[in-house]
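**Student:**
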Amino acid sequence: MHNSSPVLAIEDLTVRYAQQPQPTLNRLSLELGVGQWNCILGQSGCGKTTLLKYLAGLLPAECEISGGLQAQAGSGLSGNIAYMAQQDLLLPWLSVLDNVCLAARLKNQACRQVITKAKHLLELVGLTSAIHHKPGQLSGGMRQRVALARTLLQDKPVVLMDEPFSALDAVTRHQLQQLSHQLLAGKTVVLITHDPAEACRLADRLFILEKTLDKNAARLESLNLPVTPAPRDYDQATTELHNQIFARLGARHA
1 MHNSSPVLAI EDLTVRYAQQ PQPTLNRLSL ELGVGQWNCI LGQSGCGKTT
51 LLKYLAGLLP AECEISGGLQ AQAGSGLSGN IAYMAQQDLL LPWLSVLDNV
101 CLAARLKNQA CRQVITKAKH LLELVGLTSA IHHKPGQLSG GMRQRVALAR
151 TLLQDKPVVL MDEPFSALDA VTRHQLQQLS HQLLAGKTVV LITHDPAEAC
201 RLADRLFILE KTLDKNAARL ESLNLPVTPA PRDYDQATTE LHNQIFARLG
251 ARHA
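UniProt numbering applies: residue 1 is where the sequence shown begins, and numbers increase by one.
1. Go ahead and label F246 buried or exposed: buried means 16 or more other beta carbons lie within 10 angstroms of its beta carbon, across all protein chains shown.
2. Pull up the distance between the alpha-carbon of M1 and that of W93, whole angstroms please.
3. Report the residue from S180, R145, A56 whose alpha carbon sits nearest the alpha carbon of Q87.
4. Tell me whether the stretch 17-24 and the stretch 164-181 touch, counting them as touching only if at least three CB pairs, one residue from each stretch, are closer than 8 Å.
5. Only counting runs of 3 or more residues, tell me where the beta strand (DSSP E) segments fall wholly within the stretch 170-197, in order along the chain.
6. On the premise that K156 lies in contact with C46, defined as a C-beta separation below 8 Å, what is that separation, rounded to the nearest angstrom?
7. What residues are listed by DSSP as bridge partners for Q36?
8. Under a three-way DSSP split, which group does S29 fall into?
9. Taking DSSP as the reference, what is the three-state secondary structure of F165?
10. Does the beta-carbon of T116 have 16 or more other beta-carbons within 10 angstroms, so that it is buried, or is it exposed?
11. Could you have a look at A82 and say whether DSSP puts it in helix, strand or coil?
12. Is the number of C-beta pairs between the stretch 179-197 and the stretch 106-113 that are closer than 8 Å three or more?
13. Is the beta carbon of I131 sitting closer than 8 Å to the one on L89?
14. In chain order, what residues of the same chain lie with their CB nearer than 7 Å to the CB of S44, ignoring the 5 residues before and after it?
15. Helix or strand or just coil, what does DSSP make of A130?
16. Can you tell me which of the three DSSP states L160 falls into?
17. Return the CA-CA distance between P6 and V158, expressed in angstroms with no decimal places.
18. Between L55 and L160, is the Cβ-Cβ spacing less than 8 Å?
19. Looking at the strands, I want to know which residues DSSP matches up with S66.
Rendered as structure tokens:
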């Protein structure tokens with residue numbers, strides 16, 4: 001059973017980019033669950049990536065930001081976040097193993113213990129035979145497995161994921177979803193996605209982010225999920241939720 005108390009609470013967050021007359025996010029409030037997959041679903045341009053960049057501390061300095069972020073027990077997010085992007089961001093001249101260990105090497109922490117752990121993680125993601133390969137020798141799915149191992153090696157309590165599976169074929173995407181959910185158990189995951197099926201399958205908490213009718217800002221709403229634990233099979237309840245979300249987003253887009 002997951003802890004229901006929030007580890008992160010955003011209160012009245014407003015973000016306006018420079019030269020933009022209206023805020024992208026306006027007085028948005030959100031609670032994210034401890035050790036849960038928190039999926040934020042929405043169409044392109046609704047503010048999903050802005051929200052994730054806010055959590056990661058990656059918004060441009062010229063942004064106007066108001067509102068507060070609170071972490072459990074008063075701890076901040078600085079140093080507690082791992083980030084997995086849509087692109088794998090592997091350095092082409094480094095081996096698979098060296099890419100996984102890159103952050104540790106930059107901090108002069110790539111000791112034998114870290115390298116051993118990296119090799120173990122690569123074994124878990126099914127890449128033991130490829131640890132000396134360069135990224136150019138790997139398929140898209142294999143590259144994302146390397147990125148997942150790199151994220152896991154950081155061992156941060158909060159993991160931000162910006163549509164990391166969206167560029168993969170359906171079978172590989174399903175496999176990586178399953179593997180990520182298994183290996184990130186116990187972490188507080190924030191997954192940004194525009195795929196209703198992915199959100200319905202992976203979420204412990206599911207939020208839909210939409211532009212308001214006047215297009216001035218985004219609105220966030222929490223959705224009820226099937227009682228079956230994630231990652232879910234596509235049973236009747238999950239399929240019904242998927243269809244409801246798809247119809248809702250389609251109506252907004254029409």
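In this text, a Cβ means the ideal position worked out from N, Cα and C, and glycines have one as well. Just so it is clear, the structure is predicted and the values come from calculations on it, not from any experiment.
**Tutor:** Reading off the structure:
1. Position 246 of the sequence shown, counted from the start, is the residue given in the question as residue 246. With fewer than 16 other Cβ atoms within 10 Å, it is exposed.
2. Here the question's residue 1 lines up with position 1 in the sequence shown. Here the question's residue 93 lines up with position 93 in the sequence shown. In this prediction, M1 scores a pLDDT of 36, lower than 50, which makes its location untrustworthy; no coordinate-derived value is stated.
3. Working through the sequence shown from its first residue, we reach residue 87 at position 87. Nearest of S180, R145, A56 to Q87, Cα basis: R145.
4. no
5. Counting only runs of 3 or more, we get 188-193.
6. Position 46 of the sequence shown, counted from the first residue, corresponds to residue 46. Position 156 of the sequence shown, counted from the first residue, corresponds to residue 156. C46 to K156, Cβ: 26 Å. No contact.
7. Start at 1 with the first residue of the sequence shown, and residue 36 comes out as number 36. According to DSSP, which records beta bridges pairwise, Q36 is partnered with nothing at all.
8. Here residue 29 refers to the residue found at position 29 when the sequence shown is read from its first residue. Three-state DSSP puts S29 in a strand.
9. Locating residue 165 in the sequence shown gives position 165, where the first residue counts as 1. Coil at F165, not helix or strand.
10. Along the sequence shown, one-based indexing puts residue 116 at 116. Exposed, because fewer than 16 other Cβ atoms sit within 10 Å of the Cβ of T116.
11. Taking the first residue of the sequence shown as position 1, residue 82 is located at position 82. A82 falls in the strand class under three-state DSSP.
12. no
13. Along the sequence shown, read from residue 1 onward, the residue named residue 131 stands at position 131. Along the sequence shown, read from residue 1 onward, the residue named residue 89 stands at position 89. In this structure, L89 does not lie closer than 8 Å to I131 by Cβ.
14. Start at 1 with the first residue of the sequence shown, and residue 44 comes out as number 44. Answer for S44: H194, listed in chain order.
15. Counted from its first residue, the sequence shown places residue 130 at position 130. Note: A130 maps to helix in three-state DSSP.
16. On the sequence shown, residue 160 is found 160 positions in, with the first residue counted as 1. Of the three classes helix, strand and coil, the one that applies to L160 here is strand, per DSSP.
17. Locating residue 6 in the sequence shown gives position 6, counting from the first residue. Locating residue 158 in the sequence shown gives position 158, counting from the first residue. With a pLDDT of only 49 at P6, under the threshold of 50, the placement of this residue in the model should not be trusted; the figure read from the coordinates follows. One C-alpha to the other measures close to 12 Å.
18. Locating residue 55 in the sequence shown gives position 55, counting from the first residue. Locating residue 160 in the sequence shown gives position 160, counting from the first residue. Against a cut-off of 8 Å, the Cβ pair of L160 and L55 comes out as a contact.
19. Locating residue 66 in the sequence shown gives position 66, where the first residue counts as 1. According to DSSP, which records beta bridges pairwise, S66 is partnered with T14.
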